[in-house]
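S.K.:
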Amino acid sequence: MKLWNVLFRRKRDQGSSQQRKAVKQDGRSGKAVSRDLEEGLSKDVDENLRTIVAELGGSDDLTIRKIDAAGTDSVVVAFIYIDNLVDSAMVNQMLLHPLMSEIGESRSGKSSEEWYRTVRDRVLAVGRVHEMRTPEEALACILEGQTIVFLQGSAAALAADTSGGDKRAVEEPGSQTVIRGPKESFTESIKTNLSLIRRRIKSPRLRVERKTLGKLTQTQIALVYLQGIAKASIVEEVRRRIDRIDTDSILESAYIEEFIQDAPITPFPTIENTERPDAAAAGILEGQIAIIVDGTPFALLAPVSFVRFFQSSEDFYQRYDIATFLRLIRYVAFFVSMLLPAMFIAITTFHQEMLPTPLLISLAAQREGVPFPAIVEALLMEITFEVLREAGVRMPKVIGPAISIVGALVLGQSAVQAGLISAAIVIVVSFTAIASFVIPAINMSIAARLIRFVMMILGGTLGLFGIMSGLMVLLIHLASLRSFGVPYLTPLAPFVWTNWKDTFVRMPHWVMKKRPPTIADGSNLVRQGDDQMPKPPGRKSKF
Amino acid sequence: MEAAAVEGPGGLFRMFGGLRRAGGKLNGRGRGMVCHVTGNSKVKLPLPRLPMERISQSQLAAMIVLFQIGSSPLFLLASDAGADAWISVLIGMIGGLLLLLLVTLQLYRRMPEEDLFDMIERSFGKVAGSLLTAVYIVYFGYKAVRNVREFGDLMILYLLPSTPLWFILLILMVIAAYAVFQGIEVFSRVAQILLPMIVFVYIALFVALWGTELFDAHRLMPVLDSGLKKPIESALPELISFPFGEMVLFLLFWKYADRRGGTTRTTVLSYLFSGTFIVVTTIFILGSLGPLAEFSVVPLIQIVSLVQTADFIQRLDPVVALLLFGGVFMKMTFYYLGTTLLFSRLFRIGRYAALFPVGALLFAGSMAFRSYMQHIWFGFEKNLKYHFPIFQIVIPVLLLLAAMIRSRFEKNGRTPS
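Going down the list, the protein sequences come from chains A and B.
In terms of my numbering, the first sequence opens at residue 631 and continues consecutively.
In terms of my numbering, the second sequence opens at residue 300 and continues consecutively.
1. When you compare only the Cα positions, how much space is there between B/L599 and B/W385?
2. Grouping DSSP H, G and I as helix and E and B as strand, with all else coil, what is A/M1098?
3. Suppose you measure from the CA of A/D690 to the CA of A/D713; what does that come to, to the nearest Å?
4. Could you check which residue in B/S573, B/P695, B/L585 and B/D616 has the C-alpha nearest to that of B/M392?
5. What does A/V1046 touch in chain B if you count any residue whose Cβ is under 8 Å from its own?
6. For B/M454, which residues in chain A fall below 7 Å Cβ to Cβ?
7. Determine whether the Cβ of A/L781 lies closer than 8 Å to any Cβ atom of chain B.
8. Between B/Y477 and chain A, is any beta-carbon pair separated by less than 8 Å?
9. Mind listing which residues of the region 925 to 946 of chain A have their C-beta closer than 9 Å to chain B's C-betas, in chain order?
10. Which residue's Cα is closest to the Cα of A/S793: A/S815, A/R758, A/E866 and A/P927?
11. Can you check which of these residues, B/F677, B/E709, B/A701 and B/I368, is closest to B/V500 by C-alpha distance?
12. What residues match up with A/V749 in a beta bridge as DSSP calls it?
13. Are there three or more Cβ pairs, one per stretch, closer than 8 Å when the region 372 to 384 of chain B is compared with the region 522 to 531 of chain B?
14. Residues of chain B with a CB under 8 Å from the CB of A/P1117: which are they?
15. When you compare only the Cα positions, how much space is there between B/S340 and A/D876?
16. Exposed or buried, which one is A/N863 when buried takes at least 16 other CB atoms within 10 Å?
17. So which of A/F1134, A/A1109 and A/P1167 has the shortest CA-CA distance to A/A893?
18. How big is the Cα-Cα spacing for A/P1146 and A/N1129?
19. Quick check: the region 953 to 964 of chain A against the region 917 to 924 of chain A, are at least 3 beta-carbon pairs closer than 8 Å?
20. Measure from the C-beta of A/I890 to each C-beta in chain B and report whether the shortest distance is under 8 Å.
21. Please tell me whether A/I975 and A/I1005 are closer than 8 Å, where the distance is taken between their beta carbons.
22. Using 8 Å as the threshold, is the region 1076 to 1085 of chain A in touch with the region 445 to 455 of chain B, meaning 3 or more CB pairs across them?
23. To which residues of the same chain is A/V1056 closer than 8 Å at the C-beta, ignoring the five residues directly before and after it?
24. Have a look at B/L401, B/F480, B/L456 and B/E484 and flag the residue whose alpha-carbon is nearest the alpha-carbon of B/Q356.
25. Got a sec: is the Cβ-Cβ distance from A/F980 to anything in chain B below 8 Å?
26. Which residue or residues does DSSP assign as beta-bridge partners of A/E761?
27. Check each candidate in B/R448, B/K425, B/D524 and B/L399 and name the one with the smallest Cα separation from B/S670.
28. Roughly how many angstroms lie between the CA atoms of A/M942 and A/M1137, to the nearest whole one?
29. For A/P988, which of helix, strand or coil comes out of DSSP?
30. Cβ of A/V1116 within 8 Å of Cβ of A/P933?
31. Would you call the region 453 to 468 of chain B in contact with the region 680 to 688 of chain B, where contact means no fewer than 3 C-beta pairs closer than 8 Å?
32. Run through the region 449 to 537 of chain B for me and flag every whole alpha helix (DSSP H) of 4 or more residues, listed as ranges in chain order.
33. Between which two residues does the beta strand (DSSP E) holding A/L824 run?
34. If the cut is a Cβ gap below 8 Å, which residues of chain B does A/P1124 touch?
35. A/P1117 bridges to which residues according to DSSP?
36. Beta-carbon of A/L881 versus every beta-carbon of chain B: anything under 8 Å?
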């Protein structure tokens, strides 16, 4: 990875000649491949082809197309690519066709050097063509879906970007649905995903830094951020952490998330993930850095604070009053989903005096004949529900109705009628379950789900004192977390007033004049002009 | 965008330069390495050094308020003064303010970079200084022990009558140790979040007392029935010792404050806020319970159990008890943290290493009291009058005098001995 960085900076600063030298100087690059790959390409096409075929072990999906000069047997041009990675129509139309028609006329009488330049500059009808000097480079390009063109007599090859192949179309997001708002979702293709973001932020300051991770998977990832809005120190930190990753495979953004997150031991997510390009764009516009990974529709966003997980992108597409209301509901739902069963157990076991007498009597009557103590009853129901939920996710879709009948009727109604559990606990567990689906970020609701079990045990053994102790530990833990240097509980602690406009309430867009100073670069915070409140004519602005 | 546009051709050029660079990154356009050849390069990058822990002024304020409120509303302070107890509290608060302004804060202002350990060592030398630090460790530790025990006993009294005391104390110590382990920065954030909640509960409680007409101002009458002498007598020195003089602990924490200039102001304002708060609490206790207040173990909880709003909310006392005890927990953790910091300085070990011996000592100490009543009696009868003023007033004054003499010497061009 460092190699790539070195290359990259060199390229920016001093151009390509320096950069090729860098390849030679950096001895590390050779470790993965055999020694002769690092040496330059041969002038002989056949020899080059042999090297590459040997390196790929003669895989059958490697396609080689050789073109002879008119009337001779000697190969003058050869194409090499991997079958299913390239767009074959493109190879045929843009490379094969022009080259074959040129070959007769323009080659005659030219030196191989001139011929090479003609092909490079005029013949290949593909947007991106680059020179290859070593088999190693060529190999990497082939594996990325490019087509390599070898020309007889020149020690450089040309790589044309013809990558294509099957990919999924942009569809509606499956995990973060909205009623109003864009219905696009990221796909598995990094190119599509980058275009979805660029189409939303048409600023020249949008930066895309590409890296390749995973020694075997060679997965492409891209850091996307806005220059001057994302804090430079945080960008550097993200880069540093990603460069540290040394693994053989990256198949999903979660792999990266686990390698770069701040706190490895915590139930709380310290990196946000989203399937929605509009959510990613909104994050980037506030100074977050998006990490897009090829092969998954889930992009990562960092840094992130606790309250961010309670925002849905729809908050910003709906009126601010209802958005605020819904946001508050989500916080309530989070606490319900974390604490309700525990509170129920604690109060019915230890602090019955808190309940009004009629309610107490009704609860006691229900529990008459139930063989388990409240904690066992609640744990049983919770585990049952977790099993149901997992079954719902994993089972084939066709048997869905069967599971719901078994779940709802057998486990709910019949269990109560049989006197195994009380009706109250069914209500508590069901409400808890529904509440846990309200939190827009699935990874935060998972945190609440895990903590719920700990809280239930605490509430069942030590009552309210246990729950309070648990909450205290949780609070200390949350206060100790950071996400890329940003304290996790901002803007609550440390207190940041600017962020409060978009924390528990969602103020109108014209009030949120500044970007959150905790994430965005401090020198460039203003996002809109003063006095943006709408002032329709015919109405006095002051009354 | 704007920046590029206003800078004229240069800016425009840069803009396109930026575009090209971004494009280069994205597409690998141009010559050279395009497809990324990754070797298995394992790069070891140095971790950035952690800066010293810092707390903001608002966090400092939250800490001071929580620390001052702490456990004080649990007791009826200056109960000897009867209906005039709140006047005693007011007098105590003013006395405490004078102490804070003239001594404790002066010490800090003279040596803002130093904590109590450095101050003592500078003024009393290595040997005597170490001894004195050790004594301070005992004092802070003892204060922590008192709070731990208070918490445990009240918990058993109100919430968990059949749970063994040691178990509750153990859990409490473990949570506090976790907080101390995370350090002052994290703990100050915890304070910042808890403060609004605790204050909100108190205010809701006062409103409920007012609304349900439990509070009756006549119970405070007649004001100063037996003259000013009695309130003053019961205020000094007890009320300076608890809770107002306890600010001496912040000699350990002030140095972490961000934006130094505001520290004095923040401290005094938050002190005034919490002082007023305690006075108001005392007024409410007296006005709601009257003479009964003296005989109640925790008057405030007794009041809560009298509050009945609507038919549904009948007994909120477990919830309120928990929040009140939240204050006790915070105060105890402040002392635990202070003890640990001082301990680690004295024995020149890290905070993490000091955490466990100190915690074990506090736990053992809190089990040593025979009963809650012995603990309260010992605290109110002996400690407040004879022991605590030494640490809160006498030694700080000595330190200040030493500092003043030192600076006098320095002004005269001589080196201090």
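Where is the CB? At the ideal position from N, CA and C, for every residue including glycine.
M.R.: Answer, in terms of the structure:
1. 15 Å
2. helix
3. 9 Å
4. B/S573
5. Residues of chain B passing the Cβ test: none, with the nearest at roughly 25 Å.
6. F1095
7. no
8. yes
9. none
10. A/R758
11. B/I368
12. According to DSSP, which records beta bridges pairwise, A/V749 is partnered with nothing at all.
13. yes
14. R488
15. For B/S340, the predicted model reports a pLDDT of 43, less than 50, meaning its position is unreliable and no value from the coordinates is stated.
16. The displayed chain sequence assigns Ser, not Asn, to residue 863 of chain A. With fewer than 16 other CB atoms across the displayed protein chains lying within 10 angstroms of its CB, A/S863 is exposed.
17. Nearest of A/F1134, A/A1109 and A/P1167 to A/A893, Cα basis: A/A1109.
18. 5 Å
19. no
20. By this cut-off, A/I890 is not an interface position.
21. yes
22. no
23. M1011, G1042, A1045 and V1046
24. B/Q356 has its Cα closest to that of B/E484, out of B/L401, B/F480, B/L456 and B/E484.
25. yes
26. A/L788
27. B/R448
28. According to the sequence as given, residue 942 of chain A is Ser; it is not Met. Straight-line Cα distance between these residues: approximately 14 Å.
29. helix
30. yes
31. no
32. 464 to 510 and 528 to 534
33. Unbroken run through A/L824 is the alpha helix (DSSP H), I820 to R830; no beta strand (DSSP E).
34. S355, S357, Q358, R488 and Q491
35. A/R1112
36. no
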